[in-house]
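In the working numbering, the protein residues as written are 49 to 228.
In what follows, a single structure is set out as structure tokens and then discussed.
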Amino acid sequence: MASAAAGSSSSSSAYSNSPCAACKFLRRKCLPDCIFAPYFPPEEPQKFANVHKIFGASNVSKLLNEVLPHQREDAVNSLAYEAEARLKDPVYGCVGAISVLQRQVIRLQKELDATNAHLIRFAYTNNTTTTSSTDDSMMNNGGGYGSHHHPPPQGYSSGGAYYGNYNGGGNYSSWSGGMN
């Protein structure tokens, strides 16, 4: 019996002589093989409190025992995130946060598309003005080929700006420089 007590005290020292957040919350002794100890350290009591409130300690214990050991940390992090989101938004939980982020991505994609279109118009206008000035000076010097200006070919890229195939849905067929 004394050897078992000595063995458990040396093992519990691996957990810094303090029960994990789960065992402390549940007011039980934290054993060396505690399923919660690696994932709910004593300095993070709110993490376990949230997970316990939403999912229950028994369900979390069952889930951790069913998950492969190398996947348990990710599972606990996911549970903690979902529990916190559910406490903040009891109706939608993390789905509400995902929805907000998806709407933000759509809004930013539209803003990016508008900015890219503006850059294309600016570059095209700038290219037209530069070409016209060059053509006029060549005509004034008597060595021009005429003042014909043609828009850049489809897929033409100059100086990192993109003049490619825009499909209207926020996607470009190519982001590479030069001719496509």
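Don't be surprised by glycine CBs; every beta carbon is placed ideally from N, CA and C.
For this session: Could you tell me if Val108 is buried or exposed, where buried requires 16 or more neighbouring beta carbons within 10 angstroms of its beta carbon?
Result: buried
Exercise. In chain order, what residues of the same chain lie with their CB nearer than 6 Å to the CB of Leu112, ignoring the 5 residues before and after it?
Worked result: Ile83, Arg120
Problem set entry | Minimum C-alpha distance to Lys234 - residue among Val153, Leu160, Pro90, Ile154 | What is shown of the chain runs 49 to 228, which leaves residue 234 out entirely.
Problem set entry | DSSP-derived helix/strand/coil call for Pro201 | Summary for Pro201: the model assigns pLDDT 48, below 50, so the residue's position carries little reliability, and this model does not support an answer.
Exercise. So what's Ile83 in DSSP terms, helix, strand or just coil?
Worked result: coil
Exercise. So, helix, strand or coil for Asp122, using DSSP?
Worked result: helix
Exercise. Grouping DSSP H, G and I as helix and E and B as strand, with all else coil, what is Asp137?
Worked result: coil
Exercise. So Lys95 and Ala69 are in contact, right, with Cβ under 8 Å, and what is the actual spacing, rounded?
Worked result: 6 Å
For this session: Please work out which residues of its chain come closer than 8 Å, Cβ to Cβ, to Glu132, disregarding the five sequence neighbours upstream and downstream, and give them in chain order.
Result: Asn98
For this session: Check whether the Cβ atoms of Gly93 and Cys78 sit closer than 7 Å, and answer yes or no.
Result: One point to set straight first is that residue 93 is Pro, not Gly, in the sequence displayed. No, the Cβ-Cβ distance between Pro93 and Cys78 is not below 7 Å.
For this session: Can you say whether Arg151 is buried or exposed, counting buried as having 16 or more other CB atoms within 10 angstroms of its CB?
Result: exposed
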